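Peer 1: What follows is a structure written as C-alpha cells; I'll ask about it next.
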DNA sequence: CAAAACTGAACCAATATTGGGCCAATATAG
DNA sequence: CTATATTGGCCCAATATTGGTTCAGTTTTG
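Residue numbers (my numbering), protein chains in the order written: chain F, 1 to 224; chain V, 225 to 448.
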C-alpha cells in the first residue's frame, strides 16, 4: 500500500467533506485522533489540515477544534461520482436491455459494423484487461448510439463516466481475468447477433444474461 | 504477452488521467512503486513520466513526488435540453419498468405511503392538469426513490428536468384532458397495488402499459 | 549482427515525515 | 471560580522517502 503523505491525507479529507461525510459546522476529530486513524504523524496531518484551510474548506480555532466551513454544492458534486458498482449494474439492468430493443428498431448498418469491429478488438484483448475494458465501454456506448435517442445516449455517457475511484478500479482489476473476458466476448457476440437478426426480445434477454454475469463476478470479487 | 515499454506506460497513465483515475492535484505513487506495479524498471517508468510531463499532464517536484496537473474537460451538458417528448418516452420505457421491479425489492413503507398520498392528490386533480402534472412527476420521482439506488434517482431527476421544458409543457396541455387523467390515475393505482403486493413483474408490466398509454396520447396529440 | 531499448543497482540532493516536547487557548468538571 | 483535560500551534533533530543521475549488463528489435 502507498505511504500516505500530507497531500494524500488532504485529498482524502477533501473528498470526505465533498461527499458530505463531514458537513458544515461539524467539528473534525482532534488532530491527534485523526493522525492516529490515518496512521500518520500529527505534524503530517496538521500539514494536510493547513492545505484545506488555505482552500477555505476548514476553519481552525486553537484550543477548540477545526471546523468544516464548506457546504458541498449538490449541483457541482453530482451524485453520479459516488455511485457504487452495484448501483451501477442495477442502472444498466434497467437501461441496456431496452436499449437493445431500440437498437434493433433504429440501428443502422454503420452501428453494427462498429460493434463488429469492437467485438474483434475485444477478442484480441483476452490478456489485456485494460484494453478490453476500454473497448467494452465503447461497445455499450455504440449500442446506445444505435437507438438514435439522444437522451439515452447521454445517459449512457454519464454512466460510463462514473469514476468512483478506488472501489471501482479495484473491482475491475479483480474481476477481469482472461476467462471472464472470454465469457463476456461470447455474450457480446450473441447480443450483436440477435440485434442483427432483428430480434429485439432475444437481444434484450441476452443483454440481461450478460449483465447478470457481470453482477455475479462483481459480487464474487466483493466477497474476496 | 507483449513486453511493456516507456511509450506504453505513458499511454496507460495518460488514459488513466483522462478517465479521472488520477485527478488534478493528486500525487501519483512514487516512481519506484509505479515501476513495480507496472512490472517495469524505474528508468523506463521515469521515461514515461517525462513524456507526460512534456505534454503538460504532470508536474514533478524532486523530493516530493509527481502531481497531476490536468483536469479532464467534463462539460458534456446541454444535450439533454434538446430531447423531444418521444425520445423521453423511450427513455422512460427503458427505465421505469425496471425501477418498478427494484422498488418492489427495496421500497419501504414510507415510500408506499407517499405514493398512496400522491395517488389521492392526483385523483382530486382530474380537472386541474397543472396540479396533476406536478403530482405525477413527483409520483415517478418517489418511485425511483423506492429503488434506493442513487444513480437511478439521479437519472430520473435529470429526466424530470427535461419534462419541464417548453415543448413538453405545450404537449401536456394538449394531452391532459380529464379522461386521460382519469385513465392515468387508474394505472397509477394498479402500479402501486402491484408493488405493494410485492409482484415485480406485474408492476413492471403495468408500468409498460402506462407508458404505452402516454405514448399513444402523445402521438395522437402530435397528429393534431 | 548492430542499434536501440530496457534492466537493475547504486548513489545523490531535495524534500517530507516522524516523534517528541512544550506552549497558549479553550472547554469541561467539580 | 478553579483545577484539569483537551485542543491547536510551534519547534527541532533524526530518519525515511522521493525524484535525478549514472552506468554496466541484458534483452528486444530491425
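Where a beta carbon is used, it is the ideal one built from N, C-alpha and C, also for glycine. As the structure is a computational prediction, the values presented were derived from the model and not from experiment.
Taking only beta-carbon atoms, is residue 434 of chain V less than 8 Å away from chain F?
Peer 2: In the second chain, residue 434 of chain V corresponds to position 210, counting from 1. So, not an interface residue.
Peer 1: Buried or exposed: where does residue 402 of chain V fall if 16 or more other Cβ atoms within 10 Å of its Cβ makes it buried?
Peer 2: Mapped onto the second chain, residue 402 of chain V falls at position 178. Label assigned to residue 402 of chain V: exposed.
Peer 1: For residue 88 of chain F and residue 375 of chain V, I'd like the C-alpha separation in whole angstroms.
Peer 2: As a first step, residue 88 of chain F is located in the first chain; it is residue number 88 there, counting from the start. As a first step, residue 375 of chain V is located in the second chain; it is residue number 151 there, counting from the start. Whole-angstrom Cα-Cα distance: 7 Å.
Peer 1: Taking only beta carbons into account, state which residues of the stretch 319–343 of chain V come closer than 7 Å to chain F, listed in chain order.
Peer 2: 319, 322, 323, 326
Peer 1: Assuming residue 123 of chain F and residue 185 of chain F are in contact, meaning their beta carbons sit under 8 Å apart, how far apart are those beta carbons, in whole angstroms?
Peer 2: Counting from 1 along the first chain, the entry for residue 123 of chain F is found at position 123. Counting from 1 along the first chain, the entry for residue 185 of chain F is found at position 185. Residue 123 of chain F to residue 185 of chain F, Cβ: 5 Å. Contact.
Peer 1: Expressed to the nearest angstrom, what Euclidean distance is found between the alpha-carbon atoms of residue 322 of chain V and residue 13 of chain F?
Peer 2: On the second chain, position 98 is the one that residue 322 of chain V refers to. On the first chain, position 13 is the one that residue 13 of chain F refers to. Near 36 Å, if we compare the C-alpha coordinates of residue 13 of chain F and residue 322 of chain V.
Peer 1: From the beta carbon of residue 170 of chain F, is the nearest beta carbon of chain V less than 8 Å away?
Peer 2: As a position in the first chain, residue 170 of chain F is number 170, starting the count at 1. Residue confidence for residue 170 of chain F is low, a pLDDT of 49 falling below 50, so the modelled location carries little weight; the figure read from the coordinates is stated next. For residue 170 of chain F, the answer is no, since every Cβ of chain V falls outside 8 Å of its Cβ.
Peer 1: Quick one: does residue 258 of chain V have its CB under 8 Å from some CB of chain F?
Peer 2: What you label residue 258 of chain V is simply residue 34 of the second chain in a count that begins at 1. So, not an interface residue.
Peer 1: Considering only residues of the same chain and omitting the five flanking positions on each side of residue 324 of chain V, which have a CB-CB separation below 6 Å?
Peer 2: As a first step, residue 324 of chain V is located in the second chain; it is residue number 100 there, counting from the start. Excluding residues within five positions, the ones whose Cβ falls inside 6 Å are 427, 428, 431.
Peer 1: Check for me: the beta strand (DSSP E) holding residue 59 of chain F runs from which residue to which?
Peer 2: Walking along the first chain from the start, residue 59 of chain F turns up at place 59. Residue range 58–61 is occupied by the beta strand (DSSP E) that includes residue 59 of chain F.
Peer 1: Using DSSP with H/G/I as helix, E/B as strand and the rest coil, what is residue 327 of chain V?
Peer 2: Position 103 of the second chain, counted from the first residue, corresponds to residue 327 of chain V. Here residue 327 of chain V sits in helix by DSSP.
Peer 1: From what residue to what residue does the beta strand (DSSP E) around residue 290 of chain V run?
Peer 2: If you number the second chain from 1, residue 290 of chain V lands on position 66. Here the beta strand (DSSP E) through residue 290 of chain V covers 289–292.
Peer 1: Just list the residues that DSSP pairs residue 27 of chain F with in beta bridges.
Peer 2: Position 27 of the first chain, counted from the first residue, corresponds to residue 27 of chain F. Residue 27 of chain F pairs with F/67.
Peer 1: Given that residue 39 of chain F touches chain V, what residues does it touch there, using C-beta distances under 7 Å?
Peer 2: Taking the first residue of the first chain as 1, we reach residue 39 of chain F at position 39. Correct list: empty, because the minimum Cβ distance to chain V is about 17 Å.
Peer 1: Can you grab the Cα-Cα spacing for the pair residue 353 of chain V / residue 404 of chain V, in whole Å?
Peer 2: Position 129 of the second chain, counting from 1, holds the residue named residue 353 of chain V. Position 180 of the second chain, counting from 1, holds the residue named residue 404 of chain V. Rounded to whole angstroms, the gap between the alpha carbons of residue 353 of chain V and residue 404 of chain V is 10 Å.
Peer 1: Please tell me whether residue 90 of chain F has its Cβ less than 8 Å away from any Cβ of chain V.
Peer 2: Position 90 of the first chain holds residue 90 of chain F. Yes, residue 90 of chain F counts as interfacial toward chain V.
Peer 1: Enumerate in chain order the residues of its own chain whose CB-to-CB distance from residue 315 of chain V is below 7 Å, with the five nearest sequence positions on each side excluded.
Peer 2: If you number the second chain from 1, residue 315 of chain V lands on position 91. Same-chain partners within the cutoff: 383.
Peer 1: Taking all protein chains shown into account, decide if residue 231 of chain V is buried (16 or more other Cβ within 10 angstroms of its Cβ) or exposed.
Peer 2: Taking the first residue of the second chain as position 1, residue 231 of chain V is located at position 7. Looking at its Cβ environment, which holds fewer than 16 other Cβ atoms inside 10 Å, residue 231 of chain V is exposed.
Peer 1: Can you check whether the C-beta of residue 228 of chain F is within less than 8 Å of a C-beta belonging to chain V?
Peer 2: Shown here, chain F extends from 1 to 224; a query on residue 228 of chain F therefore has no answer.
Peer 1: So for residue 128 of chain F, helix, strand or coil by DSSP?
Peer 2: Within the first chain, the letter at position 128 stands for residue 128 of chain F. DSSP places residue 128 of chain F in coil when its eight states are reduced to three.
Peer 1: Are the C-beta of residue 249 of chain V and some C-beta of chain F separated by less than 8 Å?
Peer 2: The residue given as residue 249 of chain V occupies position 25 in the second chain. Closer than 8 Å to some Cβ of chain F, the Cβ of residue 249 of chain V qualifies, so yes.
Peer 1: Given this structure, state the Cα-to-Cα distance separating residue 182 of chain F from residue 105 of chain F, to the nearest angstrom.
Peer 2: Walking along the first chain from the start, residue 182 of chain F turns up at place 182. Walking along the first chain from the start, residue 105 of chain F turns up at place 105. Going from the Cα of residue 182 of chain F to the Cα of residue 105 of chain F covers about 28 Å.
Peer 1: Which bits of chain V does residue 8 of chain F rub up against, with CB to CB less than 7 Å?
Peer 2: Translated into the one-based positions of the first chain, residue 8 of chain F becomes position 8. Within chain V, the residues near residue 8 of chain F are 251.
Peer 1: Roughly how many angstroms separate the alpha carbons of residue 169 of chain F and residue 219 of chain F, rounded to a whole number?
Peer 2: Counting from one through the first chain, the residue named residue 169 of chain F turns up at place 169. Counting from one through the first chain, the residue named residue 219 of chain F turns up at place 219. Summary for residue 169 of chain F: the model assigns pLDDT 48, below 50, so the residue's position carries little reliability; its value from the coordinates is reported in the next sentence. Distance from the CA atom of residue 169 of chain F to the CA atom of residue 219 of chain F, rounded to whole angstroms, is 14 Å.
Peer 1: Is the stretch 351–369 of chain V touching the stretch 138–156 of chain F in the sense that three or more CB pairs, one from each, lie closer than 8 Å?
Peer 2: Because the criterion of three Cβ pairs below 8 Å is not met, the stretch 138–156 of chain F and the stretch 351–369 of chain V do not touch.
Peer 1: Please report the Cβ distance between residue 27 of chain F and residue 65 of chain F, rounded to the nearest whole angstrom; I am assuming they are in contact, meaning their Cβ atoms lie under 8 Å.
Peer 2: Translated into the one-based positions of the first chain, residue 27 of chain F becomes position 27. Translated into the one-based positions of the first chain, residue 65 of chain F becomes position 65. Their Cβ separation, rounded to whole angstroms, is 4 Å, which keeps residue 27 of chain F and residue 65 of chain F in contact under 8 Å.
Peer 1: Under 8 Å Cβ to Cβ from residue 296 of chain V, same chain only, skipping five residues before and after it: list those, please.
Peer 2: Counting from one through the second chain, the residue named residue 296 of chain V turns up at place 72. Counting only Cβ-Cβ distances below 8 Å, and skipping sequence neighbours, we find 241, 242, 243, 244.
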